[in-house]
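There are 2 protein chains.
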Amino acid sequence: MRSYRGVSADDRRLERRARLVEALLDTVLDVGVLDTTVEAVCARAGLTKRYFYESFGDRDEILAVAIDAMFVDVLEAIRAALTGASPTVADRATVTVGALVDELDRDRRRARMYVEAPGHPVLRARRDAAIDTFADLLMSDVLQASPPDDRHRMVGLLVVAGTTEVVSRWLADGLPLGRDDLVEEIARIGVAVGGL
Amino acid sequence: MRSYRGVSADDRRLERRARLVEALLDTVLDVGVLDTTVEAVCARAGLTKRYFYESFGDRDEILAVAIDAMFVDVLEAIRAALTGASPTVADRATVTVGALVDELDRDRRRARMYVEAPGHPVLRARRDAAIDTFADLLMSDVLQASPPDDRHRMVGLLVVAGTTEVVSRWLADGLPLGRDDLVEEIARIGVAVGGL
DNA sequence: GACTTCTGACACGGTGTCGTGTCAGAAGGA
DNA sequence: TCCTTCTGACACGACACCGTGTCAGAAGTC
Numbered sequence: 001m002r003s004y005r006g007v008s009a010d011d012r013r014l015e016r017r018a019r020l021v022e023a024l025l026d027t028v029l030d031v032g033v034l035d036t037t038v039e040a041v042c043a044r045a046g047l048t049k050r051y052f053y054e055s056f057g058d059r060d061e062i063l064a065v066a067i068d069a070m071f072v073d074v075l076e077a078i079r080a081a082l083t084g085a086s087p088t089v090a091d092r093a094t095v096t097v098g099a100l101v102d103e104l105d106r107d108r109r110r111a112r113m114y115v116e117a118p119g120h121p122v123l124r125a126r127r128d129a130a131i132d133t134f135a136d137l138l139m140s141d142v143l144q145a146s147p148p149d150d151r152h153r154m155v156g157l158l159v160v161a162g163t164t165e166v167v168s169r170w171l172a173d174g175l176p177l178g179r180d181d182l183v184e185e186i187a188r189i190g191v192a193v194g195g196l
Numbered sequence: 197m198r199s200y201r202g203v204s205a206d207d208r209r210l211e212r213r214a215r216l217v218e219a220l221l222d223t224v225l226d227v228g229v230l231d232t233t234v235e236a237v238c239a240r241a242g243l244t245k246r247y248f249y250e251s252f253g254d255r256d257e258i259l260a261v262a263i264d265a266m267f268v269d270v271l272e273a274i275r276a277a278l279t280g281a282s283p284t285v286a287d288r289a290t291v292t293v294g295a296l297v298d299e300l301d302r303d304r305r306r307a308r309m310y311v312e313a314p315g316h317p318v319l320r321a322r323r324d325a326a327i328d329t330f331a332d333l334l335m336s337d338v339l340q341a342s343p344p345d346d347r348h349r350m351v352g353l354l355v356v357a358g359t360t361e362v363v364s365r366w367l368a369d370g371l372p373l374g375r376d377d378l379v380e381e382i383a384r385i386g387v388a389v390g391g392l
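Printed below as a string of C-alpha cells:
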C-alpha cells in the first residue's frame with residue numbers, strides 16, 4: 001500500500017471505481033443498457049478491463065451499484081423536500097412529485113437506465129423494490145392514508161409506476177407541458193386517489 | 197408451388213411462421229426477451245434457422261409481430277367488452293379493466309414480453325405507441341372526458357401505465373387480491389381521476 | 001542507482017450468436 | 001420409373017464479448 005501521485009492505493013482504487021460508474025451512465029445514455037458492454041465502459045473511462053474487474057465482478061454488479069445509487073439519491077431528495085413542507089396533503093404531494101421530477105431531470109443518464117430497467121433481470125429486481133418503497137412512502141408519509149393495507153399498497157404502486165412513466169415521457173419531450181404544470185397535475189392525481 | 201401432405205406451399209409457409217411465433221412466446225416466458233435467440237426459438241418450434249429466415253428478417257421482426265398481435269387482441273377484447281356495457285362510467289371502467297386483466301391473464305407469455313419490452317428498442321416503441329392508444333381510449337370512450345387535451349392525455353398515460361404495472365405484479369403473485377377486487381380497485385382509480 | 005510496485009496496453013482462448021451455404025434423402029408429379 | 005421440389009440437419013465463417021494473462025515501462029521507495 002504505497003502512495004502514488006499523492007494518493008493512497010485505496011483512494012486511487014475508489015477514484016477509478018467512481019470513474020467507471022460515471023462512464024457506465026454515459027454509455028447507457030448513449031447506446032442503452034442492452035449495448036452497454038464492459039469494454040465500452042472501460043474505453044469511455046479511459047481505463048482497461050483490468051481495472052474494471054478490480055472493482056466489479058461483472059457487468060451486472062456495476063449496473064446494480066449505479067441504479068441503487070440513483071434510488072438512494074431520489075429518496076433523499078424527497079425526504080429533504082418533505083422536511084419543512086406544510087402539513088397539507090396537497091402541498092406535500094406537490095413537493096414530493098417536484099423533488100422526483102427535478103432529480104430525474106438533473107441526470108438524464110439515470111433516467112434512461114431506469115426506463116430500460118425492466119428488460120434486465122438485476123435492474124428489474126432493484127427497480128421493483130424501489131417502486132415498492134416509493135409507494136409506501138407515498139401512501140403513508142405523503143397522503144397519510146391509513147391503515148396501510150393491501151389495497152393502499154396497490155394504489156400507491158399504480159400511482160408511482162404511472163408517475164415514472166409520465167415523467168419519462170416528459171423528459172423525452174413527449175409531453176408539451178411545463179415543469180410546474182406536470183408536477184401539479186401528477187400531484188392532483190395523487191391527492192384524488194389518496195382519498196379513496 | 198406444389199402441394200405437400202395436402203397443403204399448398206403458401207399454407208405450409210404460414211403454418212411454419214405461426215409455429216415460430218408460438219415458439220417465440222414460449223421461449224420468452226422461459227428465459228426472457230434478452231435470452232430469446234433465433235436458435236432457441238427454432239429449436240422449440242422444431243424447425244431450423246432456414247425456416248426462420250424464410251418468414252422473418254431477424255429477431256426484432258418476429259418480436260414486433262408478436263407484441264403487435266398482443267395489442268390487437270387486447271384492444272379487440274376491450275372494444276368487445278364495451279359493446280353492450282351499460283352507459284355509466286363506473287360500469288364501463290370495470291368492464292374495460294376486466295377485459296384487460298383477463299386478456300393478460302389468459303396468456304402469461306405475452307405478459308412477460310410486455311413487461312420486458314422497455315429494455316428492447318423495437319418492443320419499447322410498440323409498447324409506447326400502444327399505451328398512447330389505450331390512454332386515448334380510456335379518456336374518451338370510457339371516462340368520456342372532454343375535451344381531449346394534453347392534460348387528459350397525461351392522466352390517461354399515468355393510469356394506463358400504472359395499471360399495467362399493477363396487473364403485472366398481480367400476475368406474478370405479488371399482490372394478495374382476488375381478480376374481482378383487483379379490477380374493481382383499478383376501475384375506481386380510473387373513475388376518480390376521470391373527474392379531475 | 002537498485003529495487004519494488006503500479007500502470008496501461010495488448011493478446012489470448014472460450015463462448016455464443018448470427019446469417020448463409022451445402023447436401024443427401026424424402027415426398028410428390030409426370 | 002425418372003425427375004423435380006421440398007425438407008431438415010449440419011457446417012462454416014464472421015463477429016462480439018467475456019474474463020484472464022502477460023509484459024514492458026513508468027512511478028515511487030530505499
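Going down the list, the protein sequences come from chains D and P.
The first sequence runs 1 to 196 under our numbering.
The second sequence runs 197 to 392 under our numbering.
C-beta atoms are modelled at their ideal positions from N, C-alpha and C, and glycine is treated no differently.
Anyone know if the C-beta pair for Arg109 (chain D) and Leu171 (chain D) falls short of 9 Å? no
State buried or exposed for Ser364 (chain P), treating a residue as buried only when at least 16 other CB atoms are found within 10 Å of its CB. In the assembly as shown, Ser364 (chain P) is a buried residue. Its beta-carbon has 16 or more other beta-carbons within 10 Å.
Which residue spans inside the stretch 307-358 of chain P form an unbroken alpha helix (DSSP H) run of at least 4? Residue ranges of uninterrupted alpha helix (DSSP H) with 4 or more members, entirely inside the stretch 307-358 of chain P and ordered along the chain, are 317-333.
Against chain D, which members of the stretch 258-280 of chain P pass a CB distance test of less than 7 Å? Closer than 7 Å at the C-beta level to chain D, one finds no residue of the stretch 258-280 of chain P.
Proximity test, Cβ basis, 9 Å: Leu354 (chain P) and chain D: yes
Starting from the Cα of Glu218 (chain P), find the closest Cα among P:Asp328, P:His348, P:Gly242 and give me that residue. P:Gly242
Name the chain D residues whose beta carbon is nearer than 8 Å to that of Gly228 (chain P)? Pro121
Using 9 Å as the limit for Cβ to Cβ distance, is Glu185 (chain D) near chain P? For Glu185 (chain D), the answer is yes, since a Cβ of chain P falls inside 9 Å of its Cβ.
Contact list for Arg214 (chain D) against chain P, beta-carbon separation under 7 Å: Residue 214 (chain D) falls outside the range modelled here, since chain D spans only 1 to 196, and no answer is possible.
Please go through the same chain and pick out, in chain order, the residues whose beta-carbon is closer than 6 Å to the beta-carbon of Ala277 (chain P), but skip the five residues on each side of it. Its chain contains Val291, Ala295 as the residues whose beta carbon lies nearer than 6 Å to that of Ala277 (chain P), once the 5 sequence neighbours on both sides are disregarded; these appear in chain order.
Cutoff 7 Å; reference Asp264 (chain P); Cβ partners in own chain excluding five residues on either side: Excluding sequence neighbours, Asp264 (chain P) sits near Arg322.
Looking at the unbroken alpha helix (DSSP H) that takes in Ala192 (chain D), where does it start and where does it end? 179-194
Report the residue from P:Glu381, P:Tyr247, P:Thr233 whose alpha carbon sits nearest the alpha carbon of Glu211 (chain P). P:Tyr247
Less than 6 Å between C-beta atoms, sequence neighbours within five positions excluded: which residues of the same chain meet that for Phe71 (chain D)? Ala130
Does DSSP put Val293 (chain P) in a helix, in a strand, or in coil? helix
Does the separation of the CB atoms of Val338 (chain P) and Arg288 (chain P) fall below 9 Å? yes
Compute the distance between the beta-carbons of Val224 (chain P) and Ala262 (chain P), then report whether it is under 9 Å. yes
Hey, would you say Ile314 (chain P) sits closer than 9 Å to Ala117 (chain D), going by beta carbons? Note on residue identity: the sequence assigns Pro, not Ile, to residue 314 (chain P). Cβ atoms of Pro314 (chain P) and Ala117 (chain D): closer than 9 Å.
Along the chain, where does the alpha helix (DSSP H) containing Ala85 (chain D) start, and where does it finish? Where Ala85 (chain D) is concerned, there is no enclosing alpha helix (DSSP H), given that its DSSP letter is neither H nor E.
Among D:Leu182, D:Leu138, D:Ser55, the one whose alpha carbon lies nearest that of Asp10 (chain D): Check the Cα spacing between Asp10 (chain D) and each of D:Leu182, D:Leu138, D:Ser55: the tightest is with D:Ser55.
Under a Cβ-count criterion, where at least 16 other Cβ atoms within 10 Å of its own Cβ denotes burial, should Arg349 (chain P) be classed as buried or exposed? buried
Looking at C-alpha atoms only, which residue of P:Val227, P:Tyr310, P:Ala236 is the closest neighbour of Leu216 (chain P)? When each option's Cα is compared against that of Leu216 (chain P), the closest is P:Ala236.
Determine the direct distance from the alpha carbon of Gly162 (chain D) to that of Phe330 (chain P), and round the result to whole angstroms. 14 Å
Would Gly358 (chain P) pass as an interface residue toward chain D - the criterion being a Cβ-Cβ separation below 9 Å? Answer yes: the Cβ-Cβ gap between Gly358 (chain P) and chain D drops below 9 Å somewhere.
Does the CB of Arg126 (chain D) have a neighbour CB from chain P at under 9 Å? no
I'd like to know whether the C-beta of Met350 (chain P) is nearer than 9 Å to at least one C-beta of chain D. With respect to chain D, the C-beta atom of Met350 (chain P) has a partner C-beta closer than 9 Å.
Any idea if Gly57 (chain D) is buried or exposed, counting beta-carbon neighbours within 10 angstroms, 16 or more meaning buried? exposed
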